[in-house]
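Residue 558 in the working numbering sits at position 8 of the sequence shown, and the numbers go up by one each step.
Backbone N, C-alpha and C define an ideal beta-carbon position, used for all residues, glycine too.
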Amino acid sequence: MIIGDLRNIALALVLGLVVGATGSGLFVKRYVDNAWTAKVEKQKTEAATQLQAATDRAIKAERAHSTIATELEVQNEIGKQKLDDAYRDNRALSTQLGGLRDPGRRPSGSCPAGATTGTAQQPAGETTGTALSAEASDFLLDFAKQADDAAQYANTCYDWLQRLKGLKHVE
């Protein structure tokens, strides 16, 4: 009977160890799972906070850029209107005064050599130079308007960049 008792004791011991090991294994597994779940949740919370902060900064920057763009578009339109008004005034003055003149050009005659330079032969009250053709006047006025438009656009771009640089230092 002692052998039977020893067998039962050994069986109870093995069964106790198996049940204890299984129970403690499950407990450890739950503890580790809970610990990792808590760490992952903490990381998710931190990531969500950082994402929200970055989103808020992006929205703030986008609004600032939009405000600058609107202001510059208005300024650009005002500048375009001023240039268009000046262009119309210049064209009207050119038409009224008989076209544009070349102040460096002297009236040429049929005599190729021996012409004197200077203004001694010019009657009083006459403007210097000779009138350009209507086509040349139109070309120069249009070319000047295109150059002014390009300069206006370049100034607007420059202002845009300077304001964006200013925003980077503020944010």
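- Note: threonine 680 is bridge-paired with Asp652 in the DSSP secondary-structure output.
- For leucine 563, the three-state secondary structure derived from DSSP is helix.
- Leaving aside the five residues that flank alanine 684 on each side, the residues in its chain whose CB is nearer than 7 Å to its CB run, in chain order, Gly649.
- Leucine 576 carries a helical assignment under DSSP once its states are collapsed to helix, strand and coil.
- Take the alpha-carbon of leucine 565 and the one of valine 578: they are about 20 Å apart.
- Each of Arg638, Asp709 and Leu682 was checked against the Cα of aspartate 652, and the nearest Cα belongs to Leu682.
- Taking the CA atoms as reference points, lysine 610 sits about 18 Å from leucine 622.
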